[in-house]
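**Q**
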Amino acid sequence: MRSRLWVSASRRKSVLMTGDVSVANQRSIPGMVVPQCSPNVLVMESTYGNRQHADRSQQEASLVRRVSEVVESGGKVLIPAFAVGRAQEVILILARAIRRGEIPPFPVFVDGMVRSVNGVYAAFPDDLAQPIRRKVLKGDEDLFYDEWVGAVSVASDRERVLTGPPCCIVASSGMLIGGASSFYAERMAGDDRNLIAITGYQDEESPGRALLDLANKTDESRELLLSGTKTSVACRVETYSLSAHADAGELTALARRLSPTTAYLVHGDEAARTALASQVDAVVRDGVVLPENGGLMRSRRKRGAHGVTGV
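For the sequence shown, our numbering begins at 34 and goes up steadily by one.
1. Taking the continuous beta strand (DSSP E) assigned at R269, which residues delimit it?
2. Considering only residues of the segment 156-182, which uninterrupted alpha helix (DSSP H) runs meet the minimum length of 4 residues and lie entirely inside it, listed in chain order?
3. Can you tell me where the beta strand (DSSP E) with M77 in it begins and where it stops?
4. Between I202 and L111, which are expected to be in contact by the criterion C-beta below 8 Å, what is the C-beta distance as a whole number of angstroms?
5. Report the three-state DSSP secondary structure of E237 (helix, strand or coil).
6. My guess is that G145 and A116 are in contact by the Cβ rule of under 8 Å, so how many angstroms apart are they, rounded?
7. Residues in its own chain within less than 7 Å of E105 by CB, not counting five upstream and five downstream?
8. Between which residues of its own chain and G282 is the CB-CB distance below 7 Å, once the five residues before and five after are set aside?
9. Taking just the CA atoms, how far does V56 sit from A296?
10. Would you mind reading off the limits of the beta strand (DSSP E) that contains M50?
11. Which two residues bound the contiguous alpha helix (DSSP H) that contains E325?
12. Of all the options S43, N58 and T51, which has the alpha carbon lying nearest to the alpha carbon of A277?
13. Going along the chain, which residues of its own chain have a beta-carbon closer than 8 Å to the beta-carbon of G212, five neighbours each way excluded?
14. Hey, D160 and R35: beta-carbon distance below 8 Å or not?
15. Which residues in the same chain have their Cβ closer than 6 Å to the Cβ of G52, if we skip the five residues on either side of it in sequence?
16. Alpha carbons only, please: which of V66, I131, L75 and P240 is nearest the one belonging to S41?
17. For the structure I just gave you, are there three or more beta carbon pairs, one from the segment 76-96 and one from the segment 296-314, closer than 8 Å?
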């Protein structure tokens, strides 16, 4: 649900390690609370260290509008989503738009591990955004479902969804690596009325990234390998930036606010870490370290300074 900061402190030294940093408030959870400390060592994620995110409200509005257009024209929409966090955001975005009358109502089906995760949220009210938290405190544990949003209870119901009226499907996995989303993508990709909307990070080797690469091809031989089966792709493929990870500007601002002696940048590819290092270096006192996977970093006090040295 919400990631955590880990802090270890003694009289002489302190270390702060971030989880996935999300600065802004989301629909399901609030943004991070920055601790009032200035650690000797900051270990910080850098997933989007070389990117600036598009305006979140504009991306949400574009997604809502596009999903509605496809459904109104007789197609179906698949939104592959990470089971924890992203799926709940997408569900709340669509449900809110329908509830407010911003778009005509249509069925939204939830499938995959998302179903199980949705049921867990009510157990952690203190981690939730205020509107969701209030529902829990009032005894409402059905946080993500209403008359238009429902769960696909058993796998056999998937055929009913696919052969039924136009709808939107929110399903895990977010990168189309197996799971319900892969099943739906295999069945929906061949219909040019349909849309697959990507809303999150896609690993270089994932089917989701391969699908994005196909989106820019205009030839008639667009094929995608899903669960070992080649699938023809005729549907539309679009991306919407709903990432929960902080971008380069937000990560740099966090480092500036914490003002550590040294920063270690992790959880990002080489391009992201290198780009972020050039910005963070200007706001930390003793520089930035880019540790190798599996490497051992030892911290020691330098004479006349409070730095950390990697060994």
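Heads up, the beta-carbon is just placed ideally off N, CA and C, and yes, glycines get one too.
Predicted, not measured: the structure shown is a model, and the values here were computed from it.
**A** The relevant details are as follows:
1. In the sequence shown, counting from the first residue as 1, residue 269 sits at position 236. Here the beta strand (DSSP E) through R269 covers R269 to T272.
2. 163-170
3. In the sequence shown, residue 77 corresponds to position 44, counting from 1. Where M77 is concerned, the enclosing beta strand (DSSP E) stretches over V74 to E78.
4. If you number the sequence shown from 1, residue 202 lands on position 169. If you number the sequence shown from 1, residue 111 lands on position 78. Sure, about 5 Å apart at Cβ, within 8 Å.
5. Mapped onto the sequence shown, residue 237 falls at position 204. Note: E237 maps to coil in three-state DSSP.
6. By 1-based counting over the sequence shown, the position of residue 145 is 112. By 1-based counting over the sequence shown, the position of residue 116 is 83. Their Cβ separation, rounded to whole angstroms, is 6 Å, which keeps G145 and A116 in contact under 8 Å.
7. To locate residue 105, count along the sequence shown from 1; it is residue 72. Excluding sequence neighbours, E105 sits near P137.
8. Reading the sequence shown from its first residue, position 249 is the one you call residue 282. Q85, listed in sequence order.
9. As a first step, residue 296 must be located in the sequence shown, where it is residue number 263. As a first step, residue 56 must be located in the sequence shown, where it is residue number 23. Whole-angstrom Cα-Cα distance: 18 Å.
10. Taking the first residue of the sequence shown as position 1, residue 50 is located at position 17. Looking at the DSSP string, the run of the beta strand (DSSP E) that includes M50 is S47 to M50.
11. The sequence position of residue 325 within the sequence shown is 292, counting from 1. Neither: E325 is in no alpha helix (DSSP H) and is coded neither H nor E.
12. On the sequence shown, position 244 is the one that residue 277 refers to. A277 has its Cα closest to that of N58, out of S43, N58 and T51.
13. To locate residue 212, count along the sequence shown from 1; it is residue 179. So the list reads G145, M146, A204, S205 and S206, once near-sequence residues are dropped.
14. Mapped onto the sequence shown, residue 160 falls at position 127. Mapped onto the sequence shown, residue 35 falls at position 2. A contact, by the Cβ cut-off of 8 Å.
15. One-based indexing of the sequence shown puts residue 52 at position 19. Contacts found: S36 and R37.
16. Within the sequence shown, the letter at position 8 stands for residue 41. Nearest C-alpha to S41: L75.
17. yes
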